[in-house]
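S.K.: Can you keep this structure in mind? I'll have questions shortly.
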Amino acid sequence: MDTVVETFRPAVEWELQGLIRRLNENGTPAEIVGGGSKRAVGRPSQAPVRIETGSLSGITLYEPTELVLSARAGTPLAQIETTLAERGQMLAFEAMDLGPATGGHGGSQTLGGVIATNISGARRIAMGAARDHLLGVRAINGRGEIFKSGGRVLKNVTGYDVARALAGSWGTLAVLSEVTVKVLPKPKETETLIYAGLSDEIATELMCASLSTPYEVTGTAHLTAGLTVRLEQPTLAREAAPLTAIRLENFASSIAYRAPRLIEALKVYGTPIRLGTEASLQLWSELRRLSVMTPTPGEAPTQLWRLSTAPGVAASLVGQIRRNMQLEALYDASGGIIWLEVMASADGGAADIRRLLASYGGHATLVRASPDVRASVEVFQPMTGSIERLSRGLKDAFDPARILNPGRMYAGI
Amino acid sequence: MSLIQLLEPDNAILTRRDRILTDLIRIAGKDAVIADEDGRRAFETDALTSYRRMPLAVVLPRTTEAVAAVLRYCNQSGLKVIARGAGTSLCGGALPYEDAIVVGVSKMNKVLEIDPAGRTARVETGITNVAITAAVAPQGYFYAPDPSSQLACTLAGNLGMNSGGAHCLKYGVTTNNVLGVRMVLMTGEVVDIGGPWVDAAGYDLLSLVIGSEGQMGIITEATVRIIKAAEGARPMMLGFQSSEAAGNCVAAIIASGIIPVAIEFMDRPAIEVCEAFAHAGYPLDVEALLIIEVEGSEVEISERLEQMLEIAKPFRPATHTISASAEQSARIWKGRKSAFGALGRISDYYCMDGTIPLGRLSEVLTAISHICSSHGLKVANIFHAGDGNLHPLIMFDANDPSSEQRAEKAGAEILSLCVDVGGCLTGEHGVGIEKRDLMTKQFDQTDLDVQMRIKTVFDPGWLLNPGKVFPLEAAARAQAAAQTGFGNPGHIAAHSDAA
Numbered sequence: 001m002d003t004v005v006e007t008f009r010p011a012v013e014w015e016l017q018g019l020i021r022r023l024n025e026n027g028t029p030a031e032i033v034g035g036g037s038k039r040a041v042g043r044p045s046q047a048p049v050r051i052e053t054g055s056l057s058g059i060t061l062y063e064p065t066e067l068v069l070s071a072r073a074g075t076p077l078a079q080i081e082t083t084l085a086e087r088g089q090m091l092a093f094e095a096m097d098l099g100p101a102t103g104g105h106g107g108s109q110t111l112g113g114v115i116a117t118n119i120s121g122a123r124r125i126a127m128g129a130a131r132d133h134l135l136g137v138r139a140i141n142g143r144g145e146i147f148k149s150g151g152r153v154l155k156n157v158t159g160y161d162v163a164r165a166l167a168g169s170w171g172t173l174a175v176l177s178e179v180t181v182k183v184l185p186k187p188k189e190t191e192t193l194i195y196a197g198l199s200d201e202i203a204t205e206l207m208c209a210s211l212s213t214p215y216e217v218t219g220t221a222h223l224t225a226g227l228t229v230r231l232e233q234p235t236l237a238r239e240a241a242p243l244t245a246i247r248l249e250n251f252a253s254s255i256a257y258r259a260p261r262l263i264e265a266l267k268v269y270g271t272p273i274r275l276g277t278e279a280s281l282q283l284w285s286e287l288r289r290l291s292v293m294t295p296t297p298g299e300a301p302t303q304l305w306r307l308s309t310a311p312g313v314a315a316s317l318v319g320q321i322r323r324n325m326q327l328e329a330l331y332d333a334s335g336g337i338i339w340l341e342v343m344a345s346a347d348g349g350a351a352d353i354r355r356l357l358a359s360y361g362g363h364a365t366l367v368r369a370s371p372d373v374r375a376s377v378e379v380f381q382p383m384t385g386s387i388e389r390l391s392r393g394l395k396d397a398f399d400p401a402r403i404l405n406p407g408r409m410y411a412g413i
Numbered sequence: 414m415s416l417i418q419l420l421e422p423d424n425a426i427l428t429r430r431d432r433i434l435t436d437l438i439r440i441a442g443k444d445a446v447i448a449d450e451d452g453r454r455a456f457e458t459d460a461l462t463s464y465r466r467m468p469l470a471v472v473l474p475r476t477t478e479a480v481a482a483v484l485r486y487c488n489q490s491g492l493k494v495i496a497r498g499a500g501t502s503l504c505g506g507a508l509p510y511e512d513a514i515v516v517g518v519s520k521m522n523k524v525l526e527i528d529p530a531g532r533t534a535r536v537e538t539g540i541t542n543v544a545i546t547a548a549v550a551p552q553g554y555f556y557a558p559d560p561s562s563q564l565a566c567t568l569a570g571n572l573g574m575n576s577g578g579a580h581c582l583k584y585g586v587t588t589n590n591v592l593g594v595r596m597v598l599m600t601g602e603v604v605d606i607g608g609p610w611v612d613a614a615g616y617d618l619l620s621l622v623i624g625s626e627g628q629m630g631i632i633t634e635a636t637v638r639i640i641k642a643a644e645g646a647r648p649m650m651l652g653f654q655s656s657e658a659a660g661n662c663v664a665a666i667i668a669s670g671i672i673p674v675a676i677e678f679m680d681r682p683a684i685e686v687c688e689a690f691a692h693a694g695y696p697l698d699v700e701a702l703l704i705i706e707v708e709g710s711e712v713e714i715s716e717r718l719e720q721m722l723e724i725a726k727p728f729r730p731a732t733h734t735i736s737a738s739a740e741q742s743a744r745i746w747k748g749r750k751s752a753f754g755a756l757g758r759i760s761d762y763y764c765m766d767g768t769i770p771l772g773r774l775s776e777v778l779t780a781i782s783h784i785c786s787s788h789g790l791k792v793a794n795i796f797h798a799g800d801g802n803l804h805p806l807i808m809f810d811a812n813d814p815s816s817e818q819r820a821e822k823a824g825a826e827i828l829s830l831c832v833d834v835g836g837c838l839t840g841e842h843g844v845g846i847e848k849r850d851l852m853t854k855q856f857d858q859t860d861l862d863v864q865m866r867i868k869t870v871f872d873p874g875w876l877l878n879p880g881k882v883f884p885l886e887a888a889a890r891a892q893a894a895a896q897t898g899f900g901n902p903g904h905i906a907a908h909s910d911a912a
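Just so you know, the sequences run in chain order U and F.
Going by this note's numbering, the letters in the first sequence line up with residues 1 to 413, in that order.
Going by this note's numbering, the letters in the second sequence line up with residues 414 to 912, in that order.
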């Protein structure tokens with residue numbers, strides 16, 4: 001996989017632009033890398049050039065009273081989160097760190113990488129994904145043009161929402177140079193209700209029910225028993241049964257009011273274990289790092305999928321897949337997102353998973369597999385018809401010479 | 414008004430009118446086509462009523478398939494198409510042309526599916542904004558975006574403009590509350606983007622389509638997020654002797670970690686007009702009024718309001734009123750939500766929609782006042798303070814063409830000011846024809862090229878809602894480029910040389 005012959009680390013935007021112009025003129029493809037935490041996700045790169053954005057770093061604007069922060073794309077996420085925490089604020093979408101679970105380093109994400117992949121975490125079910133918190137970008141497309149979209153104010157419908165469309169494009173349309181995001185107050189306290197021993201069906205029902213209360217649940221997760229035993233908190237791991245977690249975040253007085261009422265509303269699902277702020281933060285931090293799905297050296301290799309479907313059918317879908325392969329599942333977003341760990345196979349189970357998914361609706365991404373598997377099956381959900389034509393058209397519009405992360409998402413894109 | 418240039422009709426199309434009407438009736442059915450002058454008159458303008466053009470014909474299909482058939486025909490016949498919801502656009506987004514076909518979705522207004530557990534609803538887009546909430550309210554849910562026109566405006570229009578509302582500080586705007594759409598492209602192809610799951614596969618096409626002002630396709634169905642309503646909500650009113658104090662108070666509240674569900678601001682002229690209309694109990698002896706609403710249980714609401722009163726103290730509020738009943742809360746909101754109508758009773762006005770960084774509030778309000786008085790006009794200011802989205806209402810006399818033109822000029826100067834201080838031309842109303850020629854103030858040529866190439870991907874013939882969003886010369890250049898095919902590698906080499 002490491003065919004990289006030349007690495008560039010532009011330190012300023014015009015340097016990045018000059019570089020991309022040259023690549024465009026020569027038709028030379030480049031791999032775009034932020035912190036590298038997701039380098040092993042997507043179709044394997046064959047690019048002879050690597051562009052690292054790490055030197056485009058620094059927070060350029062932070063106005064806590066306006067809930068806005070701008071930073072150069074290569075700024076470490078950790079630096080941004082630390083700066084925000086000093087003022088009691090956060091990036092509310094709680095970006096997951098795929099590094100450890102995909103064989104890379106943890107804690108190496110950049111803001112640009114997070115936005116380019118639209119990677120989000122448990123809080124997205126209540127507060128939206130990374131793309132929902134994106135206010136504006138500066139970027140360089142494959143033509144070597146610097147452009148901006150959006151801005152630094154919270155409400156803006158001036159022109160097309162190009163910035164948001166770059167979220168989740170995995171660097172295939174443009175390289176971000178600066179990103180502006182909405183920030184929000186960090187909750188004062190956290191409490192987590194843990195329900196043990198529920199089947200996947202009952203657990204997704206519970207998670208949906210919790211989100212259909214007025215108590216502003218900000219995260220839901222369900223782990224199959226095989227994942228519970230891998231939790232870092234011994235008291236939880238010892239449960240050795242499926243665990244379902246429901247999170248409340250708020251002022252202490254609000255949690256004191258809401259937690260008992262939420263427990264009452266969900267009483268048919270049993271009596272939960274209640275985790276206070278410290279234990280809660282630890283649990284949700286584990287889930288954010290997907291630590292229960294980090295491969296263990298010496299054990300049989302596994303592959304990792306991310307599925308998205310309607311919450312109401314999630315457990316049924318997983319049940320169908322389970323008939324075809326051995327798996328462990330982590331349900332996020334009340335079942336709307338499912339992380340599936342499956343025994344390694346030549347196609348990662350792609351044929352079975354996508355065949356079953358087709359009758360439920362939704363999409364599947366093969367997040368972790370060896371490069372040869374990722375080269376031979378569709379990593380991202382295959383496109384068809386008009387959607388494929390429009391997507392190829394967008395690639396033409398932004399990067400006609402196909403030099404930016406070509407083939408990372410789809411062949412020819 | 415006459416400052417904004419509109420597209421001239423194509424005479425070749427006007428002379429084919431009879432044939433086109435016959436074709437449309439054959440394709441869409443007689444009851445779906447409005448051809449007579451009286452019928453078409455209802456569609457000649459939107460809420461930017463100074464601009465009017467009688468459309469060639471109006472089609473109101475009842476199904477996605479019918480929309481597809483009409484668009485396919487218009488595409489083959491080179492006919493411009495203006496998508497229309499309820500026609501409440503304040504920026505001329507739904508303005509037709511003499512040679513254009515209006516395709517309205519108002520007859521497609523059904524709720525198709527409600528999934529309370531999954532917290533989604535699938536609806537036809539001709540449904541009014543408020544009807545979505547009405548459909549899910551029995552189960553305790555609501556649809557969050559709440560533009561002031563929500564009684565009349567359709568989801569289709571909200572999708573076109575990425576509409577916001579007073580409560581989007583907490584819940585976001587349209588794009589944050591829509592999971593999927595069924596859209597008809599100009600070719601007649603029907604595409605499904607996203608669905609009842611948290612995100613769509615591949616590129617985020619929804620982001621592009623929502624807020625594209627009807628220029629990429631006609632959305633006939635959408636899957637929207639529905640949210641369980643809070644136990645309760647209650648507003649508080651704080652009056653201040655200066656807008657600066659009010660603005661600083663908003664900043665202090667946000668810095669404290671409280672995000673109210675809404676923070677609305679009104680200046681003295683706006684307070685007077687709204688109070689006279691709604692008898693909401695607004696204080697009449699203050700320069701600025703904040704309406705701040707929080708949600709939760711009774712206990713939580715009281716605690717949070719008290720907390721904010723404490724935060725407000727250093728800014729010396731002249732008055733404070735915490736709503737004591739549901740009835741009083743409704744009155745307070747009625748005053749705010751009927752502001753546009755209330756002002757309309759005493760004067761013609763021109764409603765602006767810029768957004769500014771909140772820290773520049775005081776100087777911007779002073780400058781707005783100077784701009785309007787320099788044109789001999791009065792202004793009332795109402796806006797969403799939490800997110801800096803201003804709505805200066807410039808008063809003028811529609812019977813005096815000079816007054817009307819001065820209002821339009823003052824408006825352009827105000828929007829330029831918003832951009833100069835780091836804000837934008839439009840926070841929630843859209844560009845339409847109104848701000849089209851100001852786009853070069855906010856964007857350089859490359860920024861616009863990037864957007865217009867996307868337009869070309871979705872609608873290569875530039876037939877959908879033309880003459881809007883992009884300055885006419887820029888759009889003409891993009892159309893010419895589209896014809897040579899920007900995806901052609903030979904063309905790219907030439908482009909790179911030029912760069």
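Where a beta carbon is used, it is the ideal one built from N, C-alpha and C, also for glycine.
From a predicted model like this one, the values you see are computed outputs, not experimental measurements.
Based on the DSSP output, what are the partners of His804(F) in its beta bridges?
M.R.: Along the second sequence, one-based indexing puts residue 804(F) at 391. Answer by DSSP bridge pairing, in chain order: Ile795(F).
S.K.: Please name the residue, chosen from Pro44(U), Trp14(U), Ile194(U) and Gly34(U), that lies closest to Ala375(U) on a Cα-to-Cα basis.
M.R.: The residue you call residue 375(U) lines up with position 375 of the first sequence. Among Pro44(U), Trp14(U), Ile194(U) and Gly34(U), the Cα nearest to that of Ala375(U) belongs to Pro44(U).
S.K.: Can you check the stretch 93–164 of chain U for any alpha helix (DSSP H) of at least 4 residues that lies completely inside it and give the ranges in chain order?
M.R.: Runs found: 111–117 and 124–127.
S.K.: Does Ala643(F) have its Cβ less than 8 Å from a Cβ in chain U?
M.R.: Translated into positions along the second sequence, residue 643(F) becomes position 230. For Ala643(F), the answer is yes, since a Cβ of chain U falls inside 8 Å of its Cβ.
S.K.: Between Trp746(F) and chain U, is there a C-beta pair that is closer than 8 Å?
M.R.: Here residue 746(F) is taken as the residue at index 333 of the second sequence, counted from 1. Not one chain U Cβ lies under 8 Å of Trp746(F).
S.K.: Taking only the alpha-carbon atoms, compute the straight-line gap between Val179(U) and Thr117(U) and give it to the nearest angstrom.
M.R.: To locate residue 179(U), count along the first sequence from 1; it is residue 179. To locate residue 117(U), count along the first sequence from 1; it is residue 117. Between Val179(U) and Thr117(U), the C-alpha separation is close to 13 Å.
S.K.: Is Lys155(U) close to chain F, meaning its C-beta is less than 8 Å from at least one C-beta of that chain?
M.R.: Position 155 of the first sequence, counted from the first residue, corresponds to residue 155(U). Yes, because at least one Cβ of chain F sits closer than 8 Å to the Cβ of Lys155(U).
S.K.: Step through the CB atoms of chain F and report whether any lies within less than 8 Å of the CB of Ile146(U).
M.R.: Within the first sequence, the letter at position 146 stands for residue 146(U). Taking Cβ atoms only, chain F reaches closer than 8 Å to Ile146(U), which makes this a yes.
S.K.: From the beta carbon of Gly99(U), is the nearest beta carbon of chain F less than 8 Å away?
M.R.: Against the first sequence, residue 99(U) aligns to sequence position 99. Judged by the 8 Å Cβ criterion, Gly99(U) is not in contact with chain F.
S.K.: DSSP state of Gly903(F), grouped into three classes?
M.R.: Taking the second sequence and counting its residues from 1, one reaches residue 903(F) at position 490. Low per-residue confidence applies at Gly903(F): pLDDT is 37, beneath 50, and the placement is therefore not dependable, though the value from the model is reported in the following sentence. Correct three-state label for Gly903(F): helix.
S.K.: At a CB distance below 9 Å, what residues from the stretch 675–697 of chain F approach chain U? Give them in sequence order.
M.R.: Answer set for the stretch 675–697 of chain F: empty.
S.K.: Taking 8 Å as the CB-CB limit, is Gln864(F) close to chain U?
M.R.: Here the question's residue 864(F) lines up with position 451 in the second sequence. It does: the Cβ of Gln864(F) has a partner Cβ on chain U nearer than 8 Å.
S.K.: Helix, strand or coil: which one does DSSP assign to Gln628(F)?
M.R.: On the second sequence, residue 628(F) is found 215 positions in, with the first residue counted as 1. The answer is coil: DSSP assigns Gln628(F) none of H, G, I, E or B.
S.K.: Buried or exposed for Lys267(U), please, with buried defined as at least 16 other CB atoms from any protein chain shown within 10 angstroms of its CB.
M.R.: Taking the first residue of the first sequence as position 1, residue 267(U) is located at position 267. Exposed, because fewer than 16 other Cβ atoms sit within 10 Å of the Cβ of Lys267(U).
S.K.: Consider the Cβ of Met1(U): report whether some Cβ of chain F lies at a distance smaller than 8 Å.
M.R.: Within the first sequence, numbered from 1, the residue matching residue 1(U) stands at position 1. Low confidence applies to Met1(U): its pLDDT is 47, below 50, so where it sits in the model is not reliable, and the reading given next is rough at best. Not one chain F Cβ lies under 8 Å of Met1(U).
S.K.: Could you say which of Leu307(U), Gly336(U) and Thr60(U) lies nearest to Val181(U) if we only look at CA atoms?
M.R.: The count along the first sequence starts at 1 and reaches residue 181(U) at position 181. Closest by alpha carbon: Thr60(U).
S.K.: Locate the alpha helix (DSSP H) running through Gln303(U), then write down its first and last residues.
M.R.: As a first step, residue 303(U) must be located in the first sequence, where it is residue number 303. No alpha helix (DSSP H) contains Gln303(U), which is instead part of the beta strand (DSSP E) from Thr302 to Ser308.
S.K.: What are the partner residues of Met650(F), as DSSP defines its beta bridges?
M.R.: Numbered from its first residue, the second sequence carries residue 650(F) at position 237. Answer is Ile704(F) and Thr734(F), bridged to Met650(F).
S.K.: Is the Cβ-Cβ distance between Leu176(U) and Ile125(U) less than 8 Å?
M.R.: Taking the first sequence and counting its residues from 1, the one referred to as residue 176(U) is at position 176. Taking the first sequence and counting its residues from 1, the one referred to as residue 125(U) is at position 125. No. Outside cutoff.
S.K.: Establish whether the CB of Phe856(F) and some CB of chain U are separated by less than 8 Å.
M.R.: Within the second sequence, the letter at position 443 stands for residue 856(F). Chain U contact via Cβ: present.
S.K.: Are there three or more Cβ pairs, one per stretch, closer than 8 Å when the stretch 482–493 of chain F is compared with the stretch 432–441 of chain F?
M.R.: Enough Cβ pairs lie closer than 8 Å, so yes.
S.K.: Is the stretch 311–326 of chain U touching the stretch 353–360 of chain U, taking contact as three or more C-beta pairs under 8 Å?
M.R.: Contact between the stretch 311–326 of chain U and the stretch 353–360 of chain U is present, because at least three Cβ pairs lie under 8 Å.
S.K.: Quick test of your reading: Val367(U) and Arg322(U), contact by CB under 8 Å. State the CB separation rounded to the nearest angstrom.
M.R.: As a first step, residue 367(U) is located in the first sequence; it is residue number 367 there, counting from the start. As a first step, residue 322(U) is located in the first sequence; it is residue number 322 there, counting from the start. In fact, because the Cβ distance is near 19 Å, the residues do not count as touching under 8 Å.
S.K.: Residues bridged to Trp339(U) by DSSP?
M.R.: Counting from 1 along the first sequence, the entry for residue 339(U) is found at position 339. DSSP output for Trp339(U) lists Arg306(U) and Leu330(U) as bridge partner(s).
S.K.: According to DSSP, is Gln89(U) helix, strand or coil?
M.R.: By 1-based counting over the first sequence, the position of residue 89(U) is 89. Reduced to three states, the DSSP call for Gln89(U) is strand.
S.K.: Counting only Cβ pairs nearer than 7 Å, list the residues of chain F close to Tyr160(U).
M.R.: The residue given as residue 160(U) occupies position 160 in the first sequence. By Cβ distance, chain F contributes Leu621, Gly624, Ser625, Gln864 and Ile867.
S.K.: Cβ closer than 8 Å: which chain U residues qualify as neighbours of Asp459(F)?
M.R.: Taking the first residue of the second sequence as position 1, residue 459(F) is located at position 46. Those within 8 Å of Asp459(F) in chain U number zero; the least Cβ separation is about 16 Å.
S.K.: Using 10 angstroms around the beta-carbon of Thr102(U), count the other beta-carbons present and answer buried if the total reaches 16, otherwise exposed.
M.R.: As a working note, residue 102(U) is residue 102 in the first sequence. Burial call: buried.
S.K.: Between the stretch 763–774 of chain F and chain U, which residues of the former have a C-beta closer than 8 Å to a C-beta of the latter?
M.R.: Flagged, chain order: Thr768, Ile769, Pro770, Leu771 and Gly772.
S.K.: Taking the alpha-carbon positions, what's the Ala911(F) to Asn24(U) distance?
M.R.: Working through the second sequence from its first residue, we reach residue 911(F) at position 498. Working through the first sequence from its first residue, we reach residue 24(U) at position 24. With a pLDDT of 33 at Ala911(F), under the threshold of 50, the modelled position of this residue cannot be trusted, and the question is left open.
S.K.: Start and end of the beta strand (DSSP E) containing Gly517(F)?
M.R.: For the purposes of this step, residue 517(F) is identified with residue 104 of the second sequence, where counting begins at 1. Per DSSP, Gly517(F) belongs to the beta strand (DSSP E) from Ala513 to Gly517.
S.K.: Report the residue from Asn590(F), Asp605(F), Val604(F) and Tyr584(F) whose alpha carbon sits nearest the alpha carbon of Leu184(U).
M.R.: As a first step, residue 184(U) must be located in the first sequence, where it is residue number 184. The residue with the shortest Cα to Cα distance from Leu184(U) is Tyr584(F).
S.K.: Based on Cα-Cα distance, which residue from Asp399(U), Ile413(U) and Ala401(U) lies nearest to Met383(U)?
M.R.: Reading the first sequence from its first residue, position 383 is the one you call residue 383(U). Out of Asp399(U), Ile413(U) and Ala401(U), Ile413(U) has the C-alpha closest to the C-alpha of Met383(U).
S.K.: Run through DSSP, which three-state label would Glu378(U) get?
M.R.: One-based indexing of the first sequence puts residue 378(U) at position 378. The answer is coil: DSSP assigns Glu378(U) none of H, G, I, E or B.
S.K.: Give every residue of the same chain whose Cβ lies closer than 6 Å to the Cβ of Thr82(U), excluding the five residues on either side of it in the sequence, and list them in chain order.
M.R.: As a first step, residue 82(U) is located in the first sequence; it is residue number 82 there, counting from the start. None.
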